[in-house]
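Take a look at the structure below.
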Amino acid sequence: MPFCPLPPKATPEEVKKWMKSIDTNGDGVISSQELENAARHLELWIAGWRAKRVMTKTDLDHNGKIDTEDEFKKLLEHAQNHWGRAIHSMMTGCAN
Numbered sequence: 007m008p009f010c011p012l013p014p015k016a017t018p019e020e021v022k023k024w025m026k027s028i029d030t031n032g033d034g035v036i037s038s039q040e041l042e043n044a045a046r047h048l049e050l051w052i053a054g055w056r057a058k059r060v061m062t063k064t065d066l067d068h069n070g071k072i073d074t075e076d077e078f079k080k081l082l083e084h085a086q087n088h089w090g091r092a093i094h095s096m097m098t099g100c101a102n
């Protein structure tokens with residue numbers, strides 16, 4: 007499944023599509039492996055390290071998953087501030 011693009015000023019619907027595209031197993035949460043896969047897809051330099059760093063910053067309850075509204079907000083903020091260009095340049099045509 008292709009990861010959806012996330013523009014720098016995303017609408018709530020665009021955010022929902024992007025988060026859904028990262029959650030590849032459809033369980034409603036983003037695991038550290040799913041985050042690492044998304045970073046690799048974006049061809050971010052040293053994707054594994056970046057994914058672990060982002061997980062440390064955004065996984066507020068330290069359960070190894072992005073699974074609360076506050077954690078999703080933190081992930082979105084980080085992605086927009088640090089991955090914006092890479093995310094924006096991804097494939098288009100994502101499903102709802």
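Using my numbering, you'd call the opening residue of the sequence shown number 7 and step up by one each time.
Beta carbons: idealized from backbone N, C-alpha and C, even for Gly.
- Remark: C-beta atoms of ILE36 and LEU81 approach each other more closely than 8 angstroms.
- One thing to note: ASP29 has its Cβ no nearer than 8 angstroms to the Cβ of GLU42.
- For ASP76, the enclosing alpha helix (DSSP H) stretches over residues 75-88.
- Taking a contact as a CB-CB distance under 8 angstroms, the pair THR62 and GLU77 does not count as one, their CB atoms being some 12 angstroms apart.
- Of the candidates LYS71, SER38, ASN69, SER38 places its Cα closest to the Cα of TRP55.
- Per DSSP, the continuous alpha helix (DSSP H) segment holding LEU41 begins and ends at 38-47.
- In this structure, the straight-line span from the alpha carbon of TRP24 to that of HIS68 is close to 22 angstroms.
- Nearest to HIS84 by C-alpha distance, out of ALA57, GLY70, ASP33, is ALA57.
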